[in-house]
Structure formats: structure tokens, C-alpha cells
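Enquirer: Pasting a structure below so you can have a look.
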Amino acid sequence: MNTANVTLEIVSTKKTATFNFYIQRTSDEIFNMGNSSLVVNLSKTVFKNGKLTFAKVKYCTGGYDVMEYVHYPFGAFGIQIRCNTLGKPVSPKKEKIATVVYDYSGNPSNVTWRLIDTAVVTPAFETVDSTYFINLK
């Protein structure tokens, strides 16, 4: 069975919140990253002007579309990874795959994974059994 840990690390300053997305393969079996979505709920009144500031080259070139940041009107945002080939293997070491920065005022502790829309998927459309974490710094 393919397994992974996905971590959202949130680092906040007085005016910005930085959301770093990490993935780590936890299964012995190697699998490749396919069409995957990482979606996070957040307060529309606290977080504004989000932008993707880092995208792991490994997952947005050479058979992948450009990684996409999507802001949803219902108070969530997501990172979309789209694979057009056999993909590239997910590392057994924790690797940063994306960073999104928001202007914010308030407390970032109301951030949660939107698990109904979140999935790590292989190029063969197999869902990876993933555990999702949030780390506030």
C-alpha cells in the first residue's frame, strides 16, 4: 500500500502568513506523484491576497503542467498538481512542494485541511493513503 505524510507548515509574522506544503513517502513501495489536490480551509476575513511563491520544479515541469494555486470563494485555497506522464517518485525524505503567502490580520489557528477535496494520487489514478498534519510556527 502506498502511504505518505502531508504537512502544512504555517509561519506567521505581523502582516503575512506563509503556508509551506511538504510531502514524505512513508511506504517502502515507491510511487509517483500524479494528479493531486491539496486544499485548505481558511477564513476569508483573516487571509487576503494569496499568491504561490514557490513550486517544486520536480512537480511542475517535464510531464507536469505548471503547478496551480486556486483561491475558492467559499473560504479555501488549493494547490493543484497535474501530471501528463508517468510522473516522478515521491521522496522518502520530507520535501517542500509549494509555498503560498497571504496578507493576514488575526489568528491563523482556524486553518484546517479540506479533506473532502484533498488527495495525493498516482499517475495510475490510485489514491495514496495519506496522513495530513498542520504545524503552526
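Going by our numbering, the sequence shown opens with residue 85, and the numbers climb by one from there.
Idealized CB from N, CA, C, for every residue including glycine.
Which residues mark the beginning and the end of the beta strand (DSSP E) in which R109 is found?
Expert: Counting along the chain, the beta strand (DSSP E) containing R109 begins and ends at 100-109.
Enquirer: Run the CB neighbour count on G118, radius 10 Å, all protein chains shown included, and call it buried at 16 or more, exposed below.
Expert: Buried, by the Cβ-count rule.
Enquirer: Inspect the CB distances between the stretch 159-171 and the stretch 95-102 and report whether three or more fall short of 8 angstroms.
Expert: With the cut-off at 8 angstroms, the stretch 159-171 and the stretch 95-102 do not touch.
Enquirer: Please look up how many angstroms separate the CB atoms of L136 and V184, rounded, as I've assumed it's under 8 angstroms.
Expert: Sure, about 6 angstroms apart at Cβ, within 8 angstroms.
Enquirer: Over what stretch of residues does the beta strand (DSSP E) that includes V154 continue unbroken?
Expert: Start and end: 152-156.
Enquirer: Cβ atoms of V205 and V90: under 8 angstroms apart, would you say?
Expert: Contact: no.
Enquirer: So, helix, strand or coil for V141, using DSSP?
Expert: It is helical.
Enquirer: Exposed or buried, I200, counting other C-beta atoms within 10 Å across all chains shown (16 or more means buried)?
Expert: That one is exposed.
Enquirer: Bridge partners of V205, per DSSP?
Expert: DSSP, once it has assigned bridges, lists T211 as partnering V205.
Enquirer: Determine the direct distance from the alpha carbon of C167 to that of W197, and round the result to whole angstroms.
Expert: Taking the straight line from one Cα to the other gives about 22 angstroms.
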